[in-house]
Structure formats: C-alpha cells, structure tokens
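Participant:
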Amino acid sequence: MAFISEVNMSFSSHYMDDEYEKLFRRMNPPRVVIDNEACKNATVIRVDSANKHGILLEVVQILTDLNLIITKAYISSDGGWFMDVFNVTDQDGNKVTDEAILDYIRKSLGPESCFPSPGRSVGVKQTMDHTAIELMGSDRPGLLSEVSAVLTNLKCNIVNAEVWTHNMRAAAVMHVNDEETGSAITDPQRLSLIKELLCNVLGGGNRKRGAKTVVTDDSTHTDRRLHQMMFADRDYERVDDDDFDEKQRPNVNVVNWSDKDYSVVTIESKDRPKLLFDTVCTLTDMQYVVFHANIDAEGPQAYQEYYIKHIDGSPVKSDAERQRVIQCLEAAIERRVSEGLKLEICTTDRVGLLSNVTRIFRENSLTVTRAEVTTKGGKAVNTFYVRGASGCVVDSKTIESIRQTIGNTILKVKGSPESVPQDSPTRSSIFSGLFKSRSFVNFGLVKSYS
Numbered sequence: 001m002a003f004i005s006e007v008n009m010s011f012s013s014h015y016m017d018d019e020y021e022k023l024f025r026r027m028n029p030p031r032v033v034i035d036n037e038a039c040k041n042a043t044v045i046r047v048d049s050a051n052k053h054g055i056l057l058e059v060v061q062i063l064t065d066l067n068l069i070i071t072k073a074y075i076s077s078d079g080g081w082f083m084d085v086f087n088v089t090d091q092d093g094n095k096v097t098d099e100a101i102l103d104y105i106r107k108s109l110g111p112e113s114c115f116p117s118p119g120r121s122v123g124v125k126q127t128m129d130h131t132a133i134e135l136m137g138s139d140r141p142g143l144l145s146e147v148s149a150v151l152t153n154l155k156c157n158i159v160n161a162e163v164w165t166h167n168m169r170a171a172a173v174m175h176v177n178d179e180e181t182g183s184a185i186t187d188p189q190r191l192s193l194i195k196e197l198l199c200n201v202l203g204g205g206n207r208k209r210g211a212k213t214v215v216t217d218d219s220t221h222t223d224r225r226l227h228q229m230m231f232a233d234r235d236y237e238r239v240d241d242d243d244f245d246e247k248q249r250p251n252v253n254v255v256n257w258s259d260k261d262y263s264v265v266t267i268e269s270k271d272r273p274k275l276l277f278d279t280v281c282t283l284t285d286m287q288y289v290v291f292h293a294n295i296d297a298e299g300p301q302a303y304q305e306y307y308i309k310h311i312d313g314s315p316v317k318s319d320a321e322r323q324r325v326i327q328c329l330e331a332a333i334e335r336r337v338s339e340g341l342k343l344e345i346c347t348t349d350r351v352g353l354l355s356n357v358t359r360i361f362r363e364n365s366l367t368v369t370r371a372e373v374t375t376k377g378g379k380a381v382n383t384f385y386v387r388g389a390s391g392c393v394v395d396s397k398t399i400e401s402i403r404q405t406i407g408n409t410i411l412k413v414k415g416s417p418e419s420v421p422q423d424s425p426t427r428s429s430i431f432s433g434l435f436k437s438r439s440f441v442n443f444g445l446v447k448s449y450s
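179 is the number that full-length UniProt numbering gives to position 179 of the sequence shown; each next residue is one higher, with no gaps.
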C-alpha cells in the first residue's frame, strides 16, 4: 500500500506541475515578432516567453529544422522570462519571405505552440509504418555497407537514416519497415535477431569499446539523439591526439566571471549550418542553463559567447569540469563537420537501395563519414560524405568510375576534383538494373546468417 501511495503522490505531483505550467503559459503567452524591415540582409525574429530549462534549444531546433541560417542571435533569460532575438536567412542568404514558413514560425513559437519538432524525430512509439533502430559501435571502412546489407538480407527496408562518425565511433538512427507489408516490424523474435546481427557487425572485433543496438520508442529529435548517443559513448575522449589536425579544432574556452557567478564559454570555429543547434544541444544535455548569449556568424568564422550556470545554480567548479565542458563542445562541433566529398543520390526508392549504393562505395574503397537517407513520395534523396582509403582525398578516377556505375543523372558530385566532369552525357547505367533484378549481395557475416 505504501508503494501505491508513493506512486499516486508522484503522479499527482507531476500532474500538478504540468497543470501549473499550462496555467502559467496561458497567463503569460509567448510572443513572436517577425520583422523584415529592421535589418538590411536578414529577417529578425524575436521570441518572448516564460522561461524553462531547454526552451532555447527548442526554439533553435525549430528554426534549424526549417533550414534557416542563424547569422546573429542575442539571448537573455534571467528570472522567469526570456527574450531571444535571431537574425535569419534562407539557404541562399536571402530574407525569409515565404508566408507559409513565417506562419509556421508564428504558430510553432507563439501562444498556441507546444514547441513541436517538424518531421525529424527518432520516435516511433511503434508506429504503423516504421520501427526505429539506434546503433552505436566502432567506425571502420565499409561499416554502413555491412549494416545496410544485414537489414536488406533480413527483408527490412530502410526508410530514413542518419549516420554520424567521430573519433573512431559511429552512431546511427534508422527507420525501417517490413519489405513485404511496408509496416513496422513488431515481432519480438525478428527484432531480437536484427539486434543480434547488427551488434555483431558493429562490434567489429573491438573489445575495448562496446557495440549497442536498441529498438526504441523514444521520440527525441534525431540530431539531438545522435548527440546524446555519442556523448554517452564518451566520443569526446580522443583516441589519438597526435593525429588530430589542430587547425581544424574549434577554439573553446571556459572562464568563471567571479562578480556574477557565471561561467563564460566562448567558441570560435568555422561556421556551418546547424552549428548553434549543436552547441546549445550539448550545453542543455550537460545540464547547463544559458542565461545570456551573443552569436555572430555573418562571416566564414562563427563566434559564440554563452553565460552559463549548472542547473543546480553553480558555475563551473573545477578545472576537471572546465576541461570536460571544452572537450564535449569540441566533439559536438566536430561530429557534424562534413569531412570528405559530398555525393547526392536522387532516384526512385527501392528496397535495397542503400545496400547497393554503399556496396559500390565499399568496392571503390570509399569510407562514409556521414550520411542522411530520406524517402518521400516514392523518391529517395541520399547524401553521403566520403573519403578515400586511410582518410585520403578521393581520386578523380574513382569518382568517375562510380558515376558511370550509378548513372550521371542519379549521382551528383559536390566539390569533386576539377578533373571529374560534372555534366557529361548520361551513360548506360547498371544501377537501375541492380534494383530491378533485386540482385542483392550477401557477403561475409551476412551470408552466414542467410
């Protein structure tokens, strides 16, 4: 009876807190002002709202998911209220004038909002159309090829996937469904087999660092979940500092401001999309509260300044804690750095598509450092960042060979060597033939379980 009483008290407390938050929100609704006149080259978005832990990340997440570029930001959140001002542009550096996007921002951040995440969540909660699988293991050449081949061999279709690699570790969130029915995979025995085979692939013979496969009903935003997975895996602990290019490392510094009991975090790094999300996400998940911040990313270099305290109200207490904050922020920035050549594939979606694409990369000695796989309306749009063997620059002959195999109209090469022709006449492609024949390759570990 005592246990039941404690459960009821806990439920009641949570319920009351939730109702109080709703009441407070109704009495103090957030305000969103969008101004296209105040700044010459950017749209200014101002958000005023009741303060709560993580609200800054939620706002940044919504703007980032709309593929908006945040060029400047000012954040202030002392007390029970916070005010954020963002200068944003579209992908082409222009002001945001699309009324549909502006209306979405007003609704997502305004009085009627619950700060939703548009379309980039890990979550399935065992939905009818896909099952979410989280993967964590040792990175090595050909890993994505092996993982996708295992899933294809087990009659699983990969609907969406995001793969990150950093510091010899690899993390992925994949949405899969049954090849025949197109619905989520719910059979416990089949899910157990999937996890077992993927764990064997992910382990890769590395006994010092474990592998993990989880079928999840978590609804956390995909990018945030990848940060959490790699943080939990301690990818911020460098394997070999001697081989790291110091010029590529972001400049992160943490000092205590004794007069105000804040810790001041400054970050200088090369600017790129979603940089602000990555740093705010990491500070939030490390249980730090951002009270004030200034962001300037108008040039090729981005400058970020955060005034933070731990959620318990204290600044950074020790040198060990300071070093950990620095290492974790460096790792958060580096995880999404797009090392290597960018390859984009746009084609009709077919079962086994990812398996065949990555097999071709593997046969040409290319290593995938990051990947985004999406399908919508029967179309697959896949983006890969690849490097040559041992991290070297991809040879132009290799790229031309891959383009001949896949087809010039299907594969687009971004930032390739000048010697690779980008608009050569379309040659006969065997790529579509591979899919039509459903001639999937079983090799190594996969073959032994077929």
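Heads up, the beta-carbon is just placed ideally off N, CA and C, and yes, glycines get one too.
For T137, report the span of its beta strand (DSSP E) as first-last.
Facilitator: Checking the sequence, you will find Gly at residue 137 rather than Thr. Element bounds for G137: T131 to S138.
Participant: May I have a chain-ordered list of the beta strand (DSSP E) segments no shorter than 3 residues that lie completely inside the segment 261-292?
Facilitator: Qualifying beta strand (DSSP E) stretches, in chain order: 262-270.
Participant: Within 10 angstroms of its Cβ, does E37 collect 16 or more other Cβ (buried), or is it exposed?
Facilitator: The residue in question, E37, is exposed, as its Cβ has fewer than 16 Cβ neighbours within 10 Å.
Participant: Which residues does DSSP list as the beta-bridge partners of A100?
Facilitator: None, per the DSSP bridge assignment.
Participant: So V386 and T367 are in contact, right, with Cβ under 8 Å, and what is the actual spacing, rounded?
Facilitator: With 8 Å as the limit, V386 and T367 qualify as a contact, their Cβ atoms being about 6 Å apart.
Participant: Using three-state DSSP, classify L341 as helix, strand or coil.
Facilitator: It is a strand residue.
Participant: If we ignore side chains and look at the alpha-carbon of each, how far apart do I185 and M229 end up?
Facilitator: The straight-line gap from Cα to Cα measures roughly 23 Å.
Participant: Could you spell out the range, first to last residue, of the alpha helix (DSSP H) harbouring N36?
Facilitator: Here N36 belongs to no alpha helix (DSSP H), and DSSP marks it neither H nor E.
Participant: Just grab the DSSP bridge partners of I70 for me.
Facilitator: DSSP output for I70 lists V88 as bridge partner(s).
Participant: According to DSSP, M168 sits in a beta bridge with which residue or residues?
Facilitator: According to DSSP, which records beta bridges pairwise, M168 is partnered with nothing at all.
Participant: Roughly how many whole angstroms lie between the Cα atoms of R120 and D223?
Facilitator: At R120 the pLDDT is 39, less than 50, meaning the model places this residue with poor confidence; the figure from the coordinates comes in the next sentence. Cα-Cα distance, rounded: 8 Å.
Participant: Rounded to whole angstroms, what's the CA-CA distance from T279 to L329? Just pull it up for me.
Facilitator: The alpha-carbon atoms of T279 and L329 are separated by roughly 6 Å.
Participant: Quick one: Cα of V215 to Cα of D296, how far?
Facilitator: Using only the alpha carbons, I get a separation of about 39 Å.
Participant: Roughly how many whole angstroms lie between the Cα atoms of L411 and C346?
Facilitator: Going from the Cα of L411 to the Cα of C346 covers about 7 Å.
Participant: By the three-class DSSP mapping on this structure, what secondary structure does L411 have?
Facilitator: If DSSP states are grouped into helix, strand and coil, L411 belongs with the strands.
Participant: Using the rule of at least 16 other Cβ atoms within 10 Å of the residue's Cβ for burial, across every protein chain shown, is S77 buried or exposed?
Facilitator: Under this definition S77 is a buried residue.
Participant: For the structure I just gave you, are there three or more beta carbon pairs, one from the segment 336-345 and one from the segment 264-275, closer than 8 Å?
Facilitator: Verdict: yes, contact present.
Participant: Within 10 Å of its beta-carbon, does A132 have 16 or more other beta-carbons around it, so buried, or fewer, so exposed?
Facilitator: That one is buried.
Participant: Could you give the DSSP three-state label for G119: helix, strand or coil?
Facilitator: Here the model assigns G119 a pLDDT of 39, short of 50, so the residue's position is not dependable and the matter cannot be decided.
Participant: For the alpha helix (DSSP H) that H227 lies in, which residues bound it at each end?
Facilitator: Run containing H227: T222 to A232, per the alpha helix (DSSP H) assignment.
Participant: Could you pull out every residue in the same chain whose Cβ sits closer than 8 Å to the Cβ of T89, ignoring the five residues on either side in sequence?
Facilitator: So the qualifying residues of the chain are N41, A42, T43, L68, I69, T71, K95 and V96.
Participant: What's the call for S117, buried or exposed, on a 16-neighbour Cβ count within 10 Å?
Facilitator: Residue confidence is low: S117 scores 42 on pLDDT, short of 50, so the model does not pin down where it sits. Its coordinate-derived value is still stated next. S117 comes out buried.
Participant: Quick check on the DSSP output: the beta strand (DSSP E) that includes D78 runs from which residue to which?
Facilitator: No beta strand (DSSP E) holds D78; DSSP gives it neither H nor E.
Participant: In terms of residues, what are the limits of the beta strand (DSSP E) holding R387?
Facilitator: Element bounds for R387: K379 to R387.
Participant: Run through DSSP, which three-state label would Y307 get?
Facilitator: Looking at Y307 - three-state DSSP - the assignment turns out to be strand.
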